[in-house]
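Protein chains: 2
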Amino acid sequence: MILSLDFSSETPIYLQIRNQVLLAIAGGKLKPGEKLPAIRTLANEAGVNMMTVNKAYQLLKEEGIISIDRRSGAFVSLSRDSKADVLARLSKELELIVSEAKVKGISKAEMRELFNRLLEGMEEEK
Amino acid sequence: MILSLDFSSETPIYLQIRNQVLLAIAGGKLKPGEKLPAIRTLANEAGVNMMTVNKAYQLLKEEGIISIDRRSGAFVSLSRDSKADVLARLSKELELIVSEAKVKGISKAEMRELFNRLLEGMEEEK
DNA sequence: TCCCCTGTATTATGCATTATAATACAGGTA
DNA sequence: TACCTGTATTATAATGCATAATACAGGGGA
């Protein structure tokens, strides 16, 4: 697992880690059931504190994206919650992005193109 | 201007204010050139500190969404920056949302439908 | 002129979050 | 036994968020 962290970013380190794990899973680089690095290992590789990685893992666990076995470590384990809840949450985030796009003069066509391009990175669940 | 703030939200108050102003503009409730409430007025109405509203206005100003006249106050003033920069920024935010959708089992069709519904709230710029 | 309206600035306080360091512990595995 | 997991604790430090109480600069209107 290779992390690229920006220590001068306004995004907290633990969130950057969480985001990159999420992207790796969505991109198919990490598959369900696959093991994540041990928190000490990842912390050493990334040059951050053990507890910072731990915080990222705890967040992913709360989000139902990984499970943690106290003996063997963390692994990808997707629990799907209520579709309505997920859609409601994503809708609020999307609404802000769409609003930013509008006030910045991005057209509907441009937004649709961008969105479709990103969607294509989503292989359907089988 | 009516604000609905959630003081127990993890989203900072100044950000909630910024978001609601943005949504009001994108939704056509606040038009370019239109005056925003004075920071003291809005602070009193919302029951928050003057400097919290000021922080939200400063952020909106940095983002090129409003202008502030030290004499007469703040008003909507959209400066459009480089389209490439805006798209790059929005793309990163969208990427995370799309990833979350995927791992949570939302289909492409469902995402497209949600996105299109939100896009319809965008009247084209004339 | 005087008062009121703007945004802005300053100083102090309090609390939560983020991140680190250095250990220590529980418990399964080889 | 030695080593690997995650977890917990305590301390420290920097930063972010929010409030309070003033104070200031400066334009506008009565």
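Listed in order, the protein sequences are those of chains H and C.
In this text, residue positions in the first sequence follow this note's numbering: the first is 1415, and each later residue adds one.
In this text, residue positions in the second sequence follow this note's numbering: the first is 1415, and each later residue adds one.
Note that CB positions come from ideal geometry on N, CA and C, so glycine has one too.
As the structure is a prediction and not an experimental result, all values here were calculated from the model.
In this chain, Ser-1491(H) is not harboured by any alpha helix (DSSP H), its DSSP state being neither H nor E. Taking Phe-1489(H) as the centre and dropping the five residues before and after it, the same chain places the C-beta of Gly-1447, Glu-1448, Lys-1449, Leu-1450, Ile-1480, Ser-1481 closer than 7 Å to its C-beta, in chain order.
Taking each of Leu-1532(H), Asn-1458(H), Gln-1434(H) in turn and checking the Cα distance to Ala-1470(H), the smallest one comes out for Gln-1434(H).
At a beta-carbon threshold of 7 Å, none of the residues of chain H lie near Ile-1482(C); the nearest stands roughly 17 Å away.
Val-1500(C) places its beta carbon 8 Å or farther from that of Leu-1532(H). At least one CB atom of chain C sits nearer than 8 Å to the CB of Lys-1522(H). Close to Asn-1433(H), with beta-carbon spacing below 7 Å, are these residues of chain C in chain order: Leu-1510. Straight through space, the alpha carbons of Ala-1438(C) and Gly-1461(C) are spaced by roughly 20 Å. In the structure shown, the three-state DSSP call for Ile-1479(H) is coil. In the DSSP annotation of this structure, the continuous segment of the alpha helix (DSSP H) that includes Arg-1531(C) starts and ends at 1522–1533. If the five residues before and after Ala-1457(C) are omitted, its C-beta is found closer than 8 Å to the C-beta atoms of Asn-1463, Met-1464, Thr-1466, Val-1467, all from its own chain and listed in chain order.
Chain C places a beta carbon closer than 8 Å to that of Gly-1519(H), counting this residue as a contact. Not a single C-beta of chain H is nearer than 8 Å to the C-beta of Glu-1424(C). Here the alpha carbons of Arg-1485(C) and Glu-1527(H) stand approximately 43 Å from one another. In this structure, the alpha-carbon of Leu-1417(C) lies about 7 Å from that of Ile-1431(C).
A check of alpha carbon separations from Glu-1509(C) across Leu-1510(H), Gly-1535(H), Leu-1492(H), Ala-1452(H) identifies Gly-1535(H) as the nearest.
Comparing alpha carbon positions, the residue from Phe-1529(C), Asp-1495(C), Met-1415(C) closest to Lys-1445(C) is Met-1415(C).
Assignment of Lys-1449(H) by DSSP, reduced to helix, strand and coil, places it in the strand class.
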